[in-house]
Amino acid sequence: MISPKYFREIPQRYRLEASRCKGCVELDDGVKITTQIVETDLNKLQIGQNVKLVFRRIQDDGKAGIHCYGYKAVVS
Amino acid sequence: MKEVAVIGTGMTRFGELWNKSIKDIFVEAALKAIKDAGVDHIDSMYVGSMSSGLFVGQEHLGALLADYLGMNPIPATRVESACASGGVSFRQAYLEVASGQSEVVLAGGVEKMTDGADVTDALATAADQEYEVYQGITFPGLYAMIANAHMHQYKTKREQLAAVAVKNHRNGSKNPYAQFRSEITVEQVLKSSLVADPLRLLDCSPVSDGGAAVILCSMDVAKKITDTPIHVRGSVQTSDTIALHSRSSLTTLKAVSTAAEKIYKMTNLKPQDIDFAEVHDCFSIAEIIVSEDLGFFDKGCGGAAVEEGSTSLETGKIPINTSGGLKSKGHPVGATGIAQIIELYEQLQGKAGKRQVKNANIGLAQNMGGSGASCVINILEAV
Chain Y
1 MISPKYFREI
11 PQRYRLEASR
21 CKGCVELDDG
31 VKITTQIVET
41 DLNKLQIGQN
51 VKLVFRRIQD
61 DGKAGIHCYG
71 YKAVVS
Chain H
77 MKEVAVIGTG
87 MTRFGELWNK
97 SIKDIFVEAA
107 LKAIKDAGVD
117 HIDSMYVGSM
127 SSGLFVGQEH
137 LGALLADYLG
147 MNPIPATRVE
157 SACASGGVSF
167 RQAYLEVASG
177 QSEVVLAGGV
187 EKMTDGADVT
197 DALATAADQE
207 YEVYQGITFP
217 GLYAMIANAH
227 MHQYKTKREQ
237 LAAVAVKNHR
247 NGSKNPYAQF
257 RSEITVEQVL
267 KSSLVADPLR
277 LLDCSPVSDG
287 GAAVILCSMD
297 VAKKITDTPI
307 HVRGSVQTSD
317 TIALHSRSSL
327 TTLKAVSTAA
337 EKIYKMTNLK
347 PQDIDFAEVH
357 DCFSIAEIIV
367 SEDLGFFDKG
377 CGGAAVEEGS
387 TSLETGKIPI
397 NTSGGLKSKG
407 HPVGATGIAQ
417 IIELYEQLQG
427 KAGKRQVKNA
437 NIGLAQNMGG
447 SGASCVINIL
457 EAV
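Residue numbers (this note's numbering), protein chains in the order written: chain Y, 1 to 76; chain H, 77 to 459.
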């Protein structure tokens with residue numbers, strides 16, 4: 001998998017981490033997605049770097065106590 | 077199809093209009109436009125609004141605003157195309173007049189964004205909820221990805237992004253309707269708080285309240301009412317994938333380049349024939365990319381062009397956003413596309429005061445929604 005573009009932003013609703021990075025990622029079969037890039041030193045992240053998808057918690061519905069899961073990317 | 081003209085305009089000041097409701101704002105702009113045009117009736121009206129439901133809990137704007145304007149029972153239609161709602165409202169009115177269905181039509185736009193709704197969340201509804209927003213994406217985030225890609229591919233510099241905001245604030249300082257009428261420096265932009273790397277606060281258009289309206293009619297009718305009608309030379313609209321990641325390139329907005337191609341063909345004009353333009357600078361990077369995709373500059377050269385003053389009011393070969401743009405004039409989403417038309421109208425009539433472009437005969441307005449999934453371009457010409 002390739003991460004062609006990335007950025008960091010101050011989180012609004014999604015407060016599971018203090019700082020977040022998201023990017024467009026192209027999968028091996030050509031499908032492209034937007035995803036969070038986690039467990040990574042953001043200062044070293046490069047366009048074109050290889051990443052792999054992992055299964056993670058995306059957000060919480062606090063009052064109802066429901067956890068929402070999905071994919072995120074980590075540098076492979 | 078009939079030839080169509082704009083014969084009057086009206087707008088509120090853009091900004092935080094605490095003492096005015098969405099109805100007050102729209103009615104003020106619409107009454108000014110009707111008075112300015114000197115017409116005794118309108119046959120139909122359109123109102124562009126992106127998200128009045130989320131911002132103020134009010135839908136059904138067509139009938140509501142026709143009611144408060146005292147215009148029932150005319151047909152009144154609310155148009156939604158995210159941040160392009162105003163531009164599309166104008167295009168719908170243009171098509172209705174051109175078709176011969178109506179004689180005099182009002183095209184308006186309004187947004188009331190400062191009433192307490194979570195604006196970032198409301199605006200994010202213009203992106204793909206399942207595949208972009210669920211991942212925590214916001215609009216500053218999407219345009220930050222575009223900026224990163226442009227900086228990576230074309231070596232566009234951070235200072236060049238800042239130059240867009242500096243220029244637009246300089247223009248906006250001369251616009252009595254602008255939300256921010258203060259000039260800013262490159263250093264101030266670079267030191268403003270980080271929103272989504274590399275975009276900082278002063279790269280981003282503000283949250284605004286405001287309304288704008290224009291009156292359109294056929295050229296035959298216009299010539300009986302005024303000596304100085306402004307001709308609508310052409311109008312086109314395009315769409316692209318809603319999600320940024322689905323596109324083959326992040327550094328070209330295909331909806332914009334396709335619309336440009338179509339409008340130059342429709343009007344038999346070339347980019348060099350355009351005297352000045354209002355473009356959708358929701359974020360500084362957007363103006364740079366759009367100025368390239370409209371054919372004003374080669375791909376990758378938009379950043380250098382703004383830095384060198386090629387788009388400035390004072391020295392530019394193609395002045396861009398003489399009104400102050402979304403950045404300085406303000407961005408009440410649904411009103412923005414109409415306010416662009418009003419700037420074209422004032423310039424083409426030679427009534428833009430300190431912002432006047434010399435020899436302004438043909439002006440282009442480009443308005444887009446989302447991360448460029450909707451685009452509308454209108455070209456107006458002095459008769």
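Ideal placement from N, C-alpha and C gives every residue a C-beta, glycine not left out. Just so we're clear, the structure is a prediction, and the values are computed from it rather than from any experiment.
Inset, instruction - Look at the alpha carbon of H/Phe-215 and the alpha carbon of H/Gly-446, and state the distance between them as a whole number of angstroms. - result: As a working note, residue 215 of chain H is residue 139 in the second sequence. As a working note, residue 446 of chain H is residue 370 in the second sequence. If I take the Cα positions, the gap works out to 8 Å.
Legend entry - chain Y within 7 Å of H/His-321, Cβ atoms only: In the second sequence, residue 321 of chain H corresponds to position 245, counting from 1. Taking Cβ atoms only, chain Y reaches closer than 7 Å to H/His-321, which makes this a yes.
Inset, instruction - Report the rounded CA-to-CA distance for Y/Arg-8 versus Y/Lys-72, giving the unit in angstroms. - result: Mapped onto the first sequence, residue 8 of chain Y falls at position 8. Mapped onto the first sequence, residue 72 of chain Y falls at position 72. The predicted model places Y/Arg-8 with a pLDDT of 42, which falls under 50 and marks its position as unreliable; any figure quoted below should be read in that light. Each residue's alpha carbon lies about 15 Å from the other.
Inset, instruction - Just mark Y/Ser-3 as buried or exposed, buried being the case when its beta carbon has 16 or more other beta carbons within 10 Å. - result: Within the first sequence, numbered from 1, the residue matching residue 3 of chain Y stands at position 3. Bear in mind that a pLDDT of 38 at Y/Ser-3, under 50, signals an unreliable position, so the model cannot answer this.
Inset, instruction - Classify Y/Tyr-6 as buried or exposed, calling it buried when 16 or more other Cβ atoms lie within 10 Å of its own Cβ. - result: As a working mapping, residue 6 of chain Y is identified with position 6 in the first sequence. Note that Y/Tyr-6 scores a pLDDT of 45, beneath 50, so its modelled location is shaky; the value from the coordinates is reported in the next line. That one is buried.
Legend entry - Sequence-distant residues of its chain with Cβ nearer than 6 Å to H/Leu-145 (five each side left out): Within the second sequence, numbered from 1, the residue matching residue 145 of chain H stands at position 69. Once the five neighbours on either side are set aside, the close Cβ partners of H/Leu-145 are Val-103 and Ala-106.
Legend entry - H/Val-164 versus H/Gly-401, H/Ala-415, H/Thr-391 and H/Gln-348, residue with shortest Cα-Cα distance: Here residue 164 of chain H is taken as the residue at index 88 of the second sequence, counted from 1. Nearest option by C-alpha distance: H/Ala-415.
Legend entry - Reference H/Met-342, options H/Ile-361, H/Arg-309, H/Leu-93 and H/Glu-383, closest by Cα: On the second sequence, position 266 is the one that residue 342 of chain H refers to. Comparing Cα positions, the closest option is H/Arg-309.
Legend entry - Within-7 Å CB hit, H/His-226 to chain Y: Working through the second sequence from its first residue, we reach residue 226 of chain H at position 150. Chain Y, which has no Cβ nearer than 7 Å to the Cβ of H/His-226, makes this no.
Inset, instruction - In the DSSP assignment, find the alpha helix (DSSP H) that holds H/His-307 and state where it starts and stops. - result: Taking the first residue of the second sequence as position 1, residue 307 of chain H is located at position 231. Run containing H/His-307: none in the alpha helix (DSSP H); it sits in the beta strand (DSSP E), 306-315.
Legend entry - Whole-angstrom distance between H/Met-295 and H/Ile-301, CA atom to CA atom: Start at 1 with the first residue of the second sequence, and residue 301 of chain H comes out as number 225. Start at 1 with the first residue of the second sequence, and residue 295 of chain H comes out as number 219. H/Ile-301 and H/Met-295: Cα-Cα distance of roughly 10 Å.
Inset, instruction - Identify the continuous beta strand (DSSP E) that holds Y/Lys-32 and give its terminal residues. - result: Residue 32 of chain Y sits at position 32 when you count from the first residue of the first sequence. Its beta strand (DSSP E) spans residues 32-36.
Inset, instruction - Give me the Cβ distance between H/Ile-453 and H/Ala-436, rounded to the nearest whole Å; I'm assuming they're in contact under 8 Å. - result: Translated into the one-based positions of the second sequence, residue 453 of chain H becomes position 377. Translated into the one-based positions of the second sequence, residue 436 of chain H becomes position 360. Contact flag wrong, Cβ pair sits at about 17 Å.
Legend entry - Closer than 7 Å to chain H by CB, Y/Asp-61: The residue given as residue 61 of chain Y occupies position 61 in the first sequence. It does not: the Cβ of Y/Asp-61 has no partner Cβ on chain H nearer than 7 Å.
Inset, instruction - Could you work out which residues of chain Y lie near H/Glu-208, taking near to mean beta carbons separated by less than 7 Å? - result: For this step, residue 208 of chain H is matched to residue 132 along the second sequence. Going along chain Y in sequence order, the residues near H/Glu-208 (Cβ under 7 Å) are Thr-34.
Inset, instruction - With DSSP collapsed to three states, give me the class of Y/Lys-72. - result: By 1-based counting over the first sequence, the position of residue 72 of chain Y is 72. Strand, per DSSP.
Legend entry - Contacting residues, own chain, Cβ-Cβ under 8 Å from H/Ile-227 (five flanking each side not counted): Numbered from its first residue, the second sequence carries residue 227 of chain H at position 151. Strictly speaking, residue 227 of chain H in this sequence is Met, with Ile absent from that position. So the qualifying residues of the chain are Lys-233, Arg-234 and Pro-274.
Inset, instruction - Specify, as a first and last residue, the run of the beta strand (DSSP E) that H/Glu-354 falls within. - result: To locate residue 354 of chain H, count along the second sequence from 1; it is residue 278. From DSSP, the beta strand (DSSP E) with H/Glu-354 extends over 352-354.
Legend entry - Within chain Y, the residues that H/Leu-141 reaches when beta carbons sit closer than 7 Å: In the second sequence, counting from the first residue as 1, residue 141 of chain H sits at position 65. Correct list: empty, because the minimum Cβ distance to chain Y is about 31 Å.
Legend entry - Contact under 7 Å by Cβ, H/Gly-429 with H/Ala-288: What you label residue 429 of chain H is simply residue 353 of the second sequence in a count that begins at 1. What you label residue 288 of chain H is simply residue 212 of the second sequence in a count that begins at 1. No, the Cβ-Cβ distance between H/Gly-429 and H/Ala-288 is not below 7 Å.
Inset, instruction - Measure from the C-beta of H/Gln-211 to each C-beta in chain Y and report whether the shortest distance is under 7 Å. - result: In the second sequence, the residue the question calls residue 211 of chain H occupies position 135. Judged by the 7 Å Cβ criterion, H/Gln-211 is in contact with chain Y.
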